[in-house]
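Novice: Here the protein sequences line up with chains A and B, keeping their order.
Per full-length UniProt numbering: the first sequence = residues 1 to 387.
Per full-length UniProt numbering: the second sequence = residues 1 to 387.
Yeah, the Cβ is synthetic: ideal placement off N, Cα and C, and Gly gets one too.
No experiment lies behind these values; they were computed from the predicted model shown.
2 protein chains.
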Amino acid sequence: MTDVLLRGGHPWGRGAPADILVRDGRIHLVAPGVEAPDARIVDIAGQLVLPGLVEAHCHLDKTLYGGPWVPHSADDTLAGRIGNDLGRRAELGVPSAERIGALLARMSAAGTAHVRTHTDIDPQVGLRGVEAVLEAAASAPVDVRQVAFPQHGVLINPGTAELLEEALKSGVEAVGGLDPAGIDRDPVRHLDLIFGLTERYGAHLDLHLHDGGSLGGWELELITERTRALGLGGRVTVSHAYALGQLDDAYQDRLIQGFAEAGVAIATAAVYSFPVPPIKKLRAAGVTVACGHDGIRDLWGPYGSGDMLERAMHVAYRSTFRRDEDIELALEAATYGGARALGLESYGLSPGDRADLVVVPCGGAAEAVVVHPARTLVMKDGVVLHN
Amino acid sequence: MTDVLLRGGHPWGRGAPADILVRDGRIHLVAPGVEAPDARIVDIAGQLVLPGLVEAHCHLDKTLYGGPWVPHSADDTLAGRIGNDLGRRAELGVPSAERIGALLARMSAAGTAHVRTHTDIDPQVGLRGVEAVLEAAASAPVDVRQVAFPQHGVLINPGTAELLEEALKSGVEAVGGLDPAGIDRDPVRHLDLIFGLTERYGAHLDLHLHDGGSLGGWELELITERTRALGLGGRVTVSHAYALGQLDDAYQDRLIQGFAEAGVAIATAAVYSFPVPPIKKLRAAGVTVACGHDGIRDLWGPYGSGDMLERAMHVAYRSTFRRDEDIELALEAATYGGARALGLESYGLSPGDRADLVVVPCGGAAEAVVVHPARTLVMKDGVVLHN
């Protein structure tokens, strides 16, 4: 494998231009004026270099990406969307390894290197979603980690708990959950079950929490208590966490302090008009914040492009971030924050890190988020994919 | 001027493909199988044809578009943003006909044919903004209409009222206003003044209303009363109208009924996390809804691309529109709605209408909004600008 020398770029966070020498799939050297006569040289003078983007919350298995436009057919209720999903996925060939592969190719072209995807698990679809994702991921230049996701509830949907366990046994990296109160109607049993699986299989946990206001706040307390009691810090993520954006400052502060101490991460997608968690406060307290698209072109909604810089723009925009240092927090969520939430190793722009890199024709990180222009170069494990 | 025949496209709203023959800057014929041996033929088979997009609310005079990235430097208060704007615009050469021209070129490339822009008028800048916009617009393939906009208040900023009147005398098409209560501290006098100017000069009126909740609701009543009393229906637009998205259903309904009867239009930009007016309800009641970007790359914030299909996506997304027919309401705001708010004549896709057209490689309107792909063709007054 020929060495690659990225010449003259600005590695994000470094403050000065530096060449990046890539060898055997890793970053070998980051310094100005690197000499590497045998390397393939790519001139990226003045451009920004980021670590490969991290899509920390999506639903690959549901996607219709790359196929014809499918008008949204559900009514405006959650029950309507669930029913529509169950009713139409067979007709539309969902889950489809072909569609998932098309989306992964698009994600990769936009510089995404790592994906965490919530894959539906229920007695109707069984583990077919898990298999379709595995099949597509096998030939995609993106690392994909799955969450065994009980989209239609666990306790209210008999047979699901067993399938979640089967998924974990088969190597799925994380277990999911869904509105322990609002959907599954028994928050304590729901959480005990999924935390139990997490502990037993040495897995990660990533739970969808749409429940709002004081109900959602109380569930966040339950999650924090369990994370702390079981010593699962660094392995637990709460996705969406709308409640967090709805509570008063004092309660918000107490919850955030708990996340920081217990090691609970927050993942946001900034979708539609739903509340976005207070990212500045979370980061100031040292809480990991990740982000992702949520659904992309599926039966739940037609939006989403697969571009994580564009998604970071939505996160920054909905957070009313105008200043560069604030907008950078959204990019942090789409890179290092996601990497921490997923437990990635050797992630970053330092020697020894995996050479997952993306180059954008921008002078700085805030501009990259706001403008999200076409990528100049995408590299995965040292291989230049797009240039 | 050679005739142009757009062959095989889907004119929006027609339900079947049709050729469009353009002659002397107008749409001459819309029908299947048009024969036009002398025309320049452009094959757009299967693609969607829209009327030229309408940017109904922006601030061209403030833009830094096309220049280097300028980190946002204001604090998080409205007073901070006003002070920052006043303090830095001279340093940054704002208003700049060159920057405005760059933005208009971008808007045109994305298919925008008509722009309403709110131009700052105050004793410091005088009418220099108006002049810079006129200068840039003179050579841009976009029709630009200005609103004489008292960004820093009217009653609280002596000399502004006289300048507004001077602007109208010089041919500026509309008079603006700004939070009659929240900023100008005397809603009745503020509204009487700007409605008076509107009537005296046969102008349009387009007022920024950020004032929220019951205060904003009451100001909407005052605006509706004056529009009705003065018979100004069809010439009055309220921009932003955040209050409308915050009030309870019954009050919302009463206000909307008033807009419909009096002829008050609503313009939204769906910026940041601010409330978006209830577009479905407004349209169901027959109220004109327009949309625009608000600021684009300026001292008030770094966001905005100039692409009205992307802006329509933001409007639809923040409205939680998932179904095709709902998403189309956002496109309606970016086309026919904007045209009605601005009082444009001969706007549309019928024979006799001005040949301002944009072609997108999409099967339908909802897809055009969600995906907002690069435009296949842009035509202004019969001239193909981008193809």
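Run through the stretch 278-325 of chain A for me and flag every whole beta strand (DSSP E) of 3 or more residues, listed as ranges in chain order.
Specialist: Complete beta strand (DSSP E) runs here, min 3: 289-291.
Novice: State buried or exposed for Ile223 of chain B, treating a residue as buried only when at least 16 other CB atoms are found within 10 Å of its CB.
Specialist: For this step, residue 223 of chain B is matched to residue 223 along the second sequence. The residue is buried, with at least 16 neighbouring Cβ atoms inside 10 Å.
Novice: Could you tell me whether any Cβ in chain A is nearer than 8 Å to the Cβ of Gly87 of chain B?
Specialist: Translated into positions along the second sequence, residue 87 of chain B becomes position 87. No, its Cβ sits nowhere closer than 8 Å to a Cβ of chain A.
Novice: Exposed or buried, which one is Met1 of chain A when buried takes at least 16 other CB atoms within 10 Å?
Specialist: In the first sequence, counting from the first residue as 1, residue 1 of chain A sits at position 1. Flag for Met1 of chain A reads exposed.
Novice: Return the CA-CA distance between His72 of chain B and Gly301 of chain B, expressed in angstroms with no decimal places.
Specialist: What you label residue 72 of chain B is simply residue 72 of the second sequence in a count that begins at 1. What you label residue 301 of chain B is simply residue 301 of the second sequence in a count that begins at 1. Cα to Cα, His72 of chain B sits roughly 6 Å from Gly301 of chain B.
Novice: In whole angstroms, what is the alpha-carbon distance linking residue 404 of chain A and Ala132 of chain A?
Specialist: Outside the displayed range of chain A (1 to 387) lies residue 404 of chain A, so it cannot be described from this structure.
Novice: Can you give me the C-alpha to C-alpha distance between Gly364 of chain A and Val49 of chain A, rounded to a whole angstrom?
Specialist: Against the first sequence, residue 364 of chain A aligns to sequence position 364. Against the first sequence, residue 49 of chain A aligns to sequence position 49. Cα to Cα, Gly364 of chain A sits roughly 9 Å from Val49 of chain A.
Novice: Under 8 Å between the Cβ atoms of Arg297 of chain A and Gly286 of chain A?
Specialist: Here residue 297 of chain A corresponds to residue number 297 of the first sequence, with the count starting at 1. Here residue 286 of chain A corresponds to residue number 286 of the first sequence, with the count starting at 1. Contact: no.
Novice: State whether the stretch 4-20 of chain A contacts the stretch 352-368 of chain A, with contact taken as three or more CB pairs (one from each stretch) at a distance under 8 Å.
Specialist: yes
Novice: Tell me the start and end of each unbroken beta strand (DSSP E) in the stretch 234-260 of chain A that is at least 3 residues and wholly inside, in chain order.
Specialist: 236-240
Novice: Please list, in chain order, the residues of the stretch 291-321 of chain A that have any C-beta partner in chain B closer than 7 Å.
Specialist: For the stretch 291-321 of chain A, which is checked against every Cβ of chain B, the residues closer than 7 Å are Gly301, Pro302, Tyr303, Tyr317, Arg318 and Thr320.
Novice: Looking at Val70 of chain A and Met107 of chain A, is the spacing between their C-beta atoms short of 8 Å?
Specialist: Taking the first residue of the first sequence as position 1, residue 107 of chain A is located at position 107. Taking the first residue of the first sequence as position 1, residue 70 of chain A is located at position 70. Against a cut-off of 8 Å, the Cβ pair of Val70 of chain A and Met107 of chain A comes out as no contact.
Novice: Shortest alpha-carbon distance to Asp43 of chain A belongs to which of A:Arg145, A:Ile20 and A:Gly245?
Specialist: Position 43 of the first sequence holds residue 43 of chain A. Ranking A:Arg145, A:Ile20 and A:Gly245 by Cα distance to Asp43 of chain A puts A:Ile20 first.
Novice: Can you list, in chain order, the stretches of the alpha helix (DSSP H) that have 4 or more residues and sit fully within the stretch 28-112 of chain A?
Specialist: 78-88 and 97-109
Novice: What's the call for Gln124 of chain A, buried or exposed, on a 16-neighbour Cβ count within 10 Å?
Specialist: As a working mapping, residue 124 of chain A is identified with position 124 in the first sequence. Per the 10 Å Cβ criterion, exposed.
Novice: Using the Cβ count rule (16 or more neighbours within 10 Å means buried), how would you classify Lys169 of chain B?
Specialist: Reading the second sequence from its first residue, position 169 is the one you call residue 169 of chain B. Result: exposed.
Novice: Can you list the residues of chain B that Trp69 of chain A reaches, using a CB-CB cut of under 7 Å?
Specialist: Numbered from 1 along the first sequence, position 69 holds the residue referred to as residue 69 of chain A. The contacting residues are Gly363, Gly364 and Glu367.
Novice: Does His72 of chain A come within less than 8 Å of chain E when only Cβ atoms are used?
Specialist: In summary, chain E is missing from the structure at hand, where the protein chains are A and B.
Novice: For Val360 of chain B, return the contacting residues in chain A, with the cut-off set at a CB-CB distance below 9 Å.
Specialist: Position 360 of the second sequence holds residue 360 of chain B. Chain A residues near Val360 of chain B: none, gap ~12 Å exceeds 9 Å.
Novice: Against chain A, with Cβ distances strictly below 8 Å, would Arg14 of chain B count as a contact?
Specialist: By 1-based counting over the second sequence, the position of residue 14 of chain B is 14. No, because no Cβ of chain A sits closer than 8 Å to the Cβ of Arg14 of chain B.
Novice: Give me, in chain order, the residues of the same chain whose beta-carbon lies closer than 6 Å to that of Arg23 of chain B; leave out the 5 immediate sequence neighbours on both sides.
Specialist: Walking along the second sequence from the start, residue 23 of chain B turns up at place 23. Once the five neighbours on either side are set aside, the close Cβ partners of Arg23 of chain B are Asp3.
Novice: Which partner residues of Val358 of chain A appear in the DSSP bridge assignment?
Specialist: For the purposes of this step, residue 358 of chain A is taken as the residue at position 358 of the first sequence. In the DSSP output, where bridge partners are listed per residue, Val358 of chain A has A:Leu50 and A:Val378.
Novice: For a quick check, are the C-beta atoms of Phe274 of chain B and Tyr317 of chain B less than 8 Å apart?
Specialist: Position 274 of the second sequence, counted from the start, is the residue given in the question as residue 274 of chain B. Position 317 of the second sequence, counted from the start, is the residue given in the question as residue 317 of chain B. Against a cut-off of 8 Å, the Cβ pair of Tyr317 of chain B and Phe274 of chain B comes out as no contact.
Novice: Less than 8 Å between C-beta atoms, sequence neighbours within five positions excluded: which residues of the same chain meet that for Val154 of chain A?
Specialist: Indexing the first sequence from 1 puts residue 154 of chain A at position 154. For Val154 of chain A, where only same-chain residues beyond five positions count, the Cβ hits under 8 Å are Thr160, Ala161, Leu164, Gly177, Leu178, Asp184, His190, Leu193 and Ile194.
Novice: Name, please, each residue of chain A whose Cβ falls closer than 8 Å to the Cβ of Arg99 of chain B.
Specialist: Residue mapping note: residue 99 of chain B aligns to position 99 of the second sequence, counting from 1. Under the 8 Å cutoff, chain A gives no residues; its nearest Cβ is about 16 Å from Arg99 of chain B.
Novice: What in chain B is Cβ-close to Tyr242 of chain A, meaning under 9 Å?
Specialist: Working through the first sequence from its first residue, we reach residue 242 of chain A at position 242. The contacting residues do not exist; Tyr242 of chain A stays about 13 Å from chain B at best.
Novice: Let me know the secondary structure DSSP gives Phe274 of chain B once reduced to three states.
Specialist: As a position in the second sequence, residue 274 of chain B is number 274, starting the count at 1. Phe274 of chain B: coil per DSSP, three-state reduction.
Novice: Would you report the Cα separation of Leu207 of chain A and Arg322 of chain B, rounded to the nearest angstrom?
Specialist: Within the first sequence, residue 207 of chain A is the residue found at index 207, counting from 1. Within the second sequence, residue 322 of chain B is the residue found at index 322, counting from 1. Looking at the two C-alpha atoms, the distance is approximately 24 Å.
Novice: Quick check: what's the CA-CA separation for Leu244 of chain A versus Ala290 of chain A?
Specialist: Along the first sequence, read from residue 1 onward, the residue named residue 244 of chain A stands at position 244. Along the first sequence, read from residue 1 onward, the residue named residue 290 of chain A stands at position 290. Cα to Cα, Leu244 of chain A sits roughly 15 Å from Ala290 of chain A.
Novice: At a CB distance below 7 Å, what residues from the stretch 257-273 of chain A approach chain B? Give them in sequence order.
Specialist: Tyr272 and Ser273
Novice: Is it buried or exposed, Ala167 of chain A, if we count other Cβ atoms within 10 angstroms and call 16 or more buried?
Specialist: The sequence position of residue 167 of chain A within the first sequence is 167, counting from 1. Ala167 of chain A should be labelled buried.
Novice: Who are the near neighbours of Ser214 of chain A in its chain, counting only those whose CB is closer than 6 Å to its CB and skipping five residues on each side?
Specialist: Taking the first sequence and counting its residues from 1, one reaches residue 214 of chain A at position 214. There are no such residues.
Novice: Could you give the C-beta distance for Ile27 of chain A and Asp353 of chain A, rounded to a whole number, given that I count them as a contact under 8 Å?
Specialist: The sequence position of residue 27 of chain A within the first sequence is 27, counting from 1. The sequence position of residue 353 of chain A within the first sequence is 353, counting from 1. Contact between Ile27 of chain A and Asp353 of chain A holds: CB atoms are separated by about 5 Å, below the 8 Å threshold.
Novice: How should Ser350 of chain A be labelled, buried or exposed, when 16 other C-beta atoms within 10 angstroms of its C-beta is the threshold for buried?
Specialist: Start at 1 with the first residue of the first sequence, and residue 350 of chain A comes out as number 350. Answer is exposed; the Cβ neighbour count stays below 16.
Novice: Taking Ala267 of chain A as part of the beta strand (DSSP E), name the residues at either end of that continuous run.
Specialist: For the purposes of this step, residue 267 of chain A is taken as residue 267 along the first sequence, with counting starting at 1. Element bounds for Ala267 of chain A: Val264 to Thr268.
Novice: Chain A partners of Asp324 of chain B, CB-CB under 9 Å?
Specialist: To locate residue 324 of chain B, count along the second sequence from 1; it is residue 324. Result: Trp69, Pro71, His72 and Pro302.
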